[in-house]
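Heads up: the structure comes next, in structure tokens.
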Amino acid sequence: MERDIDVRGLSLRLRERAAGNLCMLVHGWLDHRGSFDSLAPLLPGRTVAYDQRGHGDSSWAGAGGFYHFVDYVADLDGLVGAIAPEGPIRLVGHSMGGAVALFYAALRPERVAHLTLLDGAPIAVHAREVPDRFAGWLDDLGMDRRRRTASSPDEARARLLRNNPRLSAQAVATLAEPIGPDPDQDGSLAWKWDPLLRARSPLPVTEDVTQELLGRVRAPVLLLRAEKGILPDEGVLRDRLSRIAKLHVETVEGAGHHLHLERPETVAARIRNAWGGMQ
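In structure tokens:
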């Protein structure tokens, strides 16, 4: 089932499956809710995947707006409050979506029963980097917000495969799903995500703040690291995330960054095992 929910004036598109205890699925940067289509049916209970703001079929930030990381966290908070106000939920986040879910678990610890991170963790940003990023953000604000186009679905899939050579044909087709007629041009196809998503963040969450947040996470956390993904090795991850009280790190051998698309059965089995006897 699909529906839209208004969160602070933006419409967010949801894809829901089954019934039972809720697991929210949070996609990564420039992905969309459909990236969980292979994983969600393999998880017990109710799953809700949604398009984050500026992605898929959710609203873009309006004129003069921007995509601050904290807004993604606030959107998740608004969605959980709207569809599951009664109790704790499970969270699964991929890449950037993992960082969103992790910060939410730190800020609303009473609402999260378990968190799974799929090749995702907060980016380490130090205070000395912020001034240059701030200046870069000012430059990026004038970027062209016309949608990125492709001549055909085949071209769109070919681009994705060049950037993600480990993806299967089915996975590439899934990630290329949010492409359709360009509302601004006749005869072209366009990606649905807002080009402004590519702008640099002016005030990222710095490493010292991240560490304070990690210490507030109470839920058990399973971090599934893709062997050929974007994260450092297990030892480095455990050291950096050591303030998470209940952290378990595993590596999915042979998998690339989109491990939930490449190895959905393996990822689902690891998540189910982590959930164990949870109801």
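Heads up, the sequence shown is in the numbering used here, so the first residue is 1 and it goes up one at a time. Glycine included, each C-beta is placed from N, C-alpha and C at the ideal position.
Identity of the residues DSSP links to residue i by a beta bridge
i: Ser11; result: Asp6
i: Gly45; result: Beta-bridge pairing links Gly45 to no other residue.
i: Pro181; result: Leu189
i: Thr266; result: Beta-bridge pairing links Thr266 to no other residue.
i: Val209; result: For Val209, which the question treats as bridged, DSSP gives no partner whatsoever.
i: His114; result: Arg90
i: Arg225; result: Thr251
i: Glu16; result: Val48
Whole-angstrom C-beta distance between residue j and residue i, which should lie under 8 Å
i: Ile179; j: Leu167; result: About 16 Å separates the two Cβ atoms, so there is no contact after all.
i: Ala214; j: Leu241; result: Note on residue identity: the sequence assigns Leu, not Ala, to residue 214. Going by Cβ atoms, the distance from Leu214 to Leu241 rounds to 6 Å, so yes, they are a contact pair.
i: Gly256; j: Gly229; result: 6 Å
i: Leu79; j: Tyr50; result: 6 Å
i: Glu234; j: Arg225; result: 6 Å
i: Ala40; j: Arg53; result: That belief does not hold up - the Cβ atoms of Ala40 and Arg53 are roughly 21 Å apart, past 8 Å.
i: Glu177; j: Gly34; result: 5 Å
i: Arg238; j: Val221; result: Going by Cβ atoms, the distance from Arg238 to Val221 rounds to 11 Å, so no, they are not a contact pair.
Among the options, nearest to residue i - alpha-carbon criterion
i: Ala219; options: Leu30, Pro41, Glu110, Ser95; result: Glu110
i: Gly87; options: Asp77, Gly254, Leu161; result: Asp77
i: Ala101; options: Phe36, Pro122, Arg3; result: Pro122
i: Val112; options: Glu212, Arg263, Ile5, Cys23; result: Cys23
i: Arg108; options: Val73, Pro44, Asp6, Asp208; result: Val73
i: Phe36; options: Arg15, Glu2, Asn21, Gly20; result: Arg15
i: Arg148; options: Leu141, Pro181, Asp132, Val125; result: Pro181
i: Leu91; options: Ala105, Glu227, Pro85; result: Ala105
i: Gly120; options: Met96, Gly45, Val236; result: Met96
i: Pro165; options: Trp193, Leu42, Glu262; result: Glu262
i: Val70; options: Pro202, Asn273, Glu253; result: Pro202
i: Pro232; options: Ile5, Ala124, Thr47; result: Ala124
i: Val7; options: Leu42, Thr47, Val48, Ser58; result: Ser58
i: Trp191; options: Arg146, Asn273, Pro131; result: Arg146
Nearest-angstrom Cα separation, counted from residue j out to residue i
i: Ala127; j: Pro204; result: 9 Å
i: Thr251; j: Leu118; result: 10 Å
i: Leu175; j: Leu223; result: 22 Å
i: Arg200; j: Thr206; result: 14 Å
i: Pro153; j: Lys246; result: 43 Å
i: Ala268; j: Asp144; result: 39 Å
i: Leu161; j: His258; result: 12 Å
i: Pro210; j: Thr116; result: The sequence as given places Thr at residue 210; Pro does not occur at that position. Rounded to whole angstroms, Thr210 to Thr116 spans 18 Å at the Cα level.
i: Ala103; j: His94; result: Note on residue identity: the sequence assigns Phe, not Ala, to residue 103. If I take the Cα positions, the gap works out to 13 Å.
i: Phe134; j: Asp75; result: 23 Å
i: Glu155; j: Arg198; result: 21 Å
i: Ala173; j: Ser38; result: 12 Å
i: Pro264; j: Arg46; result: 17 Å
i: Arg272; j: Thr266; result: 10 Å
DSSP three-state assignment for residue i, whether helix, strand or coil
i: Gly93; result: strand
i: Tyr104; result: helix
i: Tyr72; result: helix
i: His260; result: helix
i: Arg218; result: coil
i: Ala150; result: strand
i: Arg53; result: coil
i: Val26; result: strand
i: Arg166; result: coil
i: Ser242; result: coil
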